[in-house]
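K.L.:
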Amino acid sequence: MNRLFYRIKKLKQKLIDRPLPEDTWISDRYHIKRVIGLGSFGITYLCRDQETRKLCVVKQVKPSRRKDKASIEMYENEVSIMKVLNHPAIPKFISSFQYKGHLFFAMDYVNGENIEDAIFAKGDRYREKEALLFMEELLDIVEYIHSQGIIHRDIRLPNVIKADGNLFLIDFGLARFLHDQIHSDFENLENYPVEKRLRRQNNVSSDFYALGHFLLYLLYSSFESDSKDEQPWEQELNITNLTKQMIKRMLQSEDAYHDIHELRNDLKHSLSNISS
Ligand SMILES: Nc1ncnc2c1ncn2[C@@H]1O[C@H](COP(=O)(O)OP(=O)(O)OP(=O)(O)O)[C@@H](O)[C@H]1O
1 MNRLFYRIKK
11 LKQKLIDRPL
21 PEDTWISDRY
31 HIKRVIGLGS
41 FGITYLCRDQ
51 ETRKLCVVKQ
61 VKPSRRKDKA
71 SIEMYENEVS
81 IMKVLNHPAI
91 PKFISSFQYK
101 GHLFFAMDYV
111 NGENIEDAIF
121 AKGDRYREKE
131 ALLFMEELLD
141 IVEYIHSQGI
151 IHRDIRLPNV
161 IKADGNLFLI
171 DFGLARFLHD
181 QIHSDFENLE
191 NYPVEKRLRR
201 QNNVSSDFYA
211 LGHFLLYLLY
221 SSFESDSKDE
231 QPWEQELNIT
241 NLTKQMIKRM
251 LQSEDAYHDI
261 HELRNDLKHS
271 LSNISS
């Protein structure tokens, strides 16, 4: 009986959470072209903004969650962070609004390819120097975010988009203001696995930790081996000791970075070591 009840509940939720169809209007301004994301909290649409005639992205809190306190807080948090950010490599906030009792916000559309697709679907490869140059560009964006007192907490391959040769950072759904003690106290990290805990700490080191993993993914994109035995990354990857040392500090297995300038200096040092 319980199982049946649960199934019906899930089915009802699926029906409630059906995205708005293509070609409909949101709030007389945004014309839906298609759905581009269906996450656990929200629905993401690619739309045409009638005011500017440009493409934009509109995110909606899932209808089944629109009255849920935690989801509303997440929405408000993402909106307040997007409003603060003003950088050419971050989609610009356009508006936030309620329409027919639903919560939405709109931002610029980045027309490009995310790095996950670029590596796994298209087959892009990054050798050490290219990977480090990539990190330098990404670090510029992260430095700007940190300078605004914000940490992203979800820097991953799908959240970085390459468009016209430039990098963009998206998805501030898990971002936090560094001084936001209320959400930090509310969020209990104790039961998370270590990796997730390190990614979600409310300090800049959590973004460096995520960047460390990001860099490893880039480096592994050009990894080739005939060996069946898996080795730790330090042994598998054919990279310089300076880069290895830097990654260890990013991953907090050695003396964690607490300051972006220190990390930037090490990155520069690694790069000049390869170039020469
Ligand atoms: N400004 C943007 N420009 C281009 N694509 C975007 C933009 N914002 C989000 N997207 C794309 O929309 C999809 C969903 O976006 P996003 O990750 O922000 O939503 P989400 O609800 O947090 O989803 P998930 O749970 O998958 O992370 C992703 O494919 C993402 O690449």
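With the UniProt record's numbering applied, the sequence shown covers 1 to 276. Note that CB positions come from ideal geometry on N, CA and C, so glycine has one too. What you are looking at is a predicted structure, and each value in this text was computed from that prediction instead of being measured.
1) If you draw a straight line from the alpha carbon of H258 to that of D28, how long is it in whole angstroms?
2) From this set, P63, D140, R3 and T24, which residue's C-alpha is nearest D17's C-alpha?
3) Rounded to whole angstroms, what's the CA-CA distance from P19 to S95? Just pull it up for me.
4) Give the DSSP bridge partners of N166, in chain order.
5) For M246, which residues from the same chain have a beta carbon less than 7 angstroms from its beta carbon, with the 5 sequence-adjacent residues on both sides left out?
6) DSSP three-state label for D140, please.
7) I need the boundaries of the alpha helix (DSSP H) containing Y220, first residue and last residue.
8) In terms of residues, what are the limits of the beta strand (DSSP E) holding S71?
9) Take every Cβ of the stretch 99-106, pair it with every Cβ of the stretch 138-154, and state whether three or more of those distances are shorter than 8 angstroms.
10) Does at least one heavy atom of ligand 2 sit under 7 angstroms from the Cβ of S40?
11) Use the C-beta contact count for A118: other C-beta atoms within 10 angstroms, 16 or more gives buried, fewer gives exposed.
12) To which residues does DSSP link R48 through a beta bridge?
13) What number of angstroms, rounded off, separates the C-alpha of P232 from the C-alpha of N202?
14) Do V84 and A13 count as a contact pair if the criterion is CB distance below 8 angstroms?
15) Going by C-alpha distance, which of L218, Y99 and R65 is nearest L15?
16) Under 8 angstroms: do the stretch 212-225 and the stretch 121-136 share three or more Cβ pairs, one atom per stretch?
17) In whole angstroms, give me the CA-to-CA distance for L189 and R197.
18) Sort out for me which residues DSSP pairs D108 with in a bridge.
19) Rounded to a whole number of angstroms, what is the C-alpha to C-alpha distance between R249 and D255?
20) For the 8 angstroms Cβ check, are there 3 or more pairs between the stretch 45-54 and the stretch 134-147?
21) I'd like to confirm something about Y109: is its beta-carbon nearer than 7 angstroms to some heavy atom of ligand 1, or not?
22) Please go through the same chain and pick out, in chain order, the residues whose beta-carbon is closer than 7 angstroms to the beta-carbon of K33, but skip the five residues on each side of it.
23) Note down, in chain order, each residue of its chain lying with its Cβ closer than 8 angstroms to the Cβ of S71, except the 5 sequence neighbours on either side.
24) Near V160, what residues of its chain come up, given a Cβ to Cβ distance below 8 angstroms and the 5 sequence neighbours on each side ignored?
25) Classify Y99 as helix, strand or coil using the three-state DSSP reduction.
26) In its own chain, which residues sit with a C-beta less than 8 angstroms from the C-beta of Y192, not counting the 5 before and 5 after it?
27) Are the CB atoms of V58 and I26 nearer to each other than 8 angstroms?
28) Ordered along the chain, which non-local residues of its own chain (more than five positions away) have a Cβ less than 8 angstroms from that of Q50?
P.N.:
According to the data block:
1) 46 angstroms
2) P63
3) 20 angstroms
4) A163
5) D266, L267 and S270
6) helix
7) V204 to Y220
8) S71 -> not in any beta strand (DSSP E); alpha helix (DSSP H) instead, spanning K69 to V84.
9) no
10) Questions concerning ligand 2 fall outside what the structure shown contains, since the ligands it does hold are ligand 1.
11) buried
12) H31 and L55
13) 28 angstroms
14) The question names Ala, but residue 13 is Gln in the sequence shown. Contact flag unset, no.
15) R65
16) yes
17) 6 angstroms
18) C56
19) 6 angstroms
20) no
21) yes
22) E22, L46, C47 and R48
23) F41, V61, K62 and R65
24) N114, I115, L138, L167, F168, L169, I170 and F214
25) strand
26) R200
27) yes
28) D28, R29, Y30 and H31
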